[in-house]
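For the sequence shown, this note's numbering assigns the number 80 to the initial residue and increments by one for each residue that follows.
Virtual Cβ for every residue (Gly too), placed ideally from N, Cα, C.
Since this is a predicted model, take the numbers as computed values, not measurements.
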Amino acid sequence: MSESNPRIYKVILMILPVGVVIGTIIFMYMYFHNERRDEQNHAVIASHGLRVDDLQDMVGKFSNRIGVRAVDSEEGRRGLVAAASMIEGRLGPQNVGFPVKKSEGQASHGRLWKALWVDIRGSEDPESIIFAAVSFSGAGEMADANTVSSMVMLASTMAREVPERTIRFVFLPLDLSPSEQNRWLLERCLNDGERCDGIVGLKEMQGELAVGDGAWQAEAGSDSQWWQYLQDQSSRPETEAPAVWLSHPVFSPDTWKGQDDKRLQKTIEAAGSMKEWLKRAAK
């Protein structure tokens, strides 16, 4: 027994440095991998004020924790209530710091369904309202969760902006057509003395598109001159309450299947564009 002990010690002494080397390699790999990820996130924050990790967290809550959000089923109605609570908590006084207001409700299935909104108050013309709107109704899938999450994140990251007009971020409870959503905004989400000087809505994209198609699309019935103005391609329209409802391949269920990380990275880029359009709308 005593003769075998030195052999064991020799084997241990031979193996130990190998283990140290392997452990060091693993540690260095993880360190530099995390450093690179942090650098990527920092670059995203610097350019757009949006974090991929935050977006991923919110998308996961909408799609996995809450799931379907719709008035036509008991499960969906529970999801709508949970989604409204999450949006209010995320943007409210305990987190971002917005006072969260609620619209007049629309009756359906024994409840009054209300929109939520938060304001970035205008410095020069606060009674002029630019609506940034999205529905938080959805099937609980990646695309619809990404759509509403993007608007929540935009409201959060723009909280310290100082626009000339008021930007009002509105989260609508029902899945309606753009024209019906516009009517909801104008009838239920304006206070006395306020006027709407523009609507920029965000919708889940319907229809199959190729991955990599980066084109924004305006929904049918949108004001083309308003859309061109937002892109700095036209003068501001003189029409009352011009509206455009937009979508993008990152909000489509038919793109980036199995590539959630890539979808979210592209979403940050798309959200950066929308942020600039809202700032221009509020000038």
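Length-filtered (4 minimum) alpha helix (DSSP H) runs lying within the segment 281-340 = 303-309
Would the segment 142-150 and the segment 231-248 be scored as touching if the rule is three or more Cβ pairs under 8 Å?
-> no
Beta-carbon separation of His-327 and Ala-349 under 8 Å?
-> yes
Contact between the segment 189-196 and the segment 247-267 (3+ Cβ pairs under 8 Å) = With a cut-off of 8 Å, the segment 247-267 and the segment 189-196 count as touching, because enough Cβ pairs lie within range.
Opposing strand residues paired with Asn-249 [DSSP bridges] | The question names Asn, but residue 249 in the sequence shown is Val. Beta-bridge pairing links Val-249 to Trp-196, Ala-212.
Buried or exposed: where does Gly-300 fall if 16 or more other Cβ atoms within 10 Å of its Cβ makes it buried?
-> exposed
Compare the Cα-Cα distances from Lys-358 to each of Glu-319, Gln-310, Gln-344, Ser-331 and report the closest residue.
-> Gln-310
Same chain, Cβ closer than 7 Å to Glu-273, neighbours up to 5 away in sequence not counted = Glu-206, Ile-208
Starting from Ala-224, follow the alpha helix (DSSP H) in both directions and report where the run begins and ends.
-> 221-236
What's the gap between the Cα of Arg-116 and the Cα of Met-137?
-> Only weak support exists for where Arg-116 lies, its pLDDT of 45 falling under 50; the coordinates are left without a value.
Please list, in chain order, all residues of the same chain as Glu-118 whose beta carbon is under 8 Å from its beta carbon, the five residues on each side excluded.
-> At Glu-118, the pLDDT of 40 sits below 50, so the modelled position is not reliable; the number obtained from the coordinates is stated separately. Closer than 8 Å at the Cβ level, and outside the excluded window around Glu-118, lies no residue.
So, Ser-331 versus Ala-222, is the Cβ gap smaller than 8 Å?
-> yes
Using the beta-carbon count (16 or more within 10 Å), is Ala-322 buried or exposed?
-> buried
In or out: Ser-182 buried (at least 16 other Cβ within 10 Å) or exposed?
-> Buried, since its Cβ has 16 or more Cβ neighbours within 10 Å.
How many Å lie between Glu-355 and Leu-129 at the Cα?
-> 13 Å
May I ask you to list the residues that DSSP assigns as paired with Cys-268?
-> Paired residues: none, contrary to the question.
What three-state label does DSSP hand Pro-205 in the structure shown?
-> strand
Nearest-angstrom Cα distance between Asp-339 and Asp-271?
-> 43 Å
Drop a sphere of 10 angstroms on the beta-carbon of Leu-191, count the other beta-carbons inside from all chains shown, and report buried for 16 or more, exposed for fewer.
-> Classification for Leu-191: exposed.
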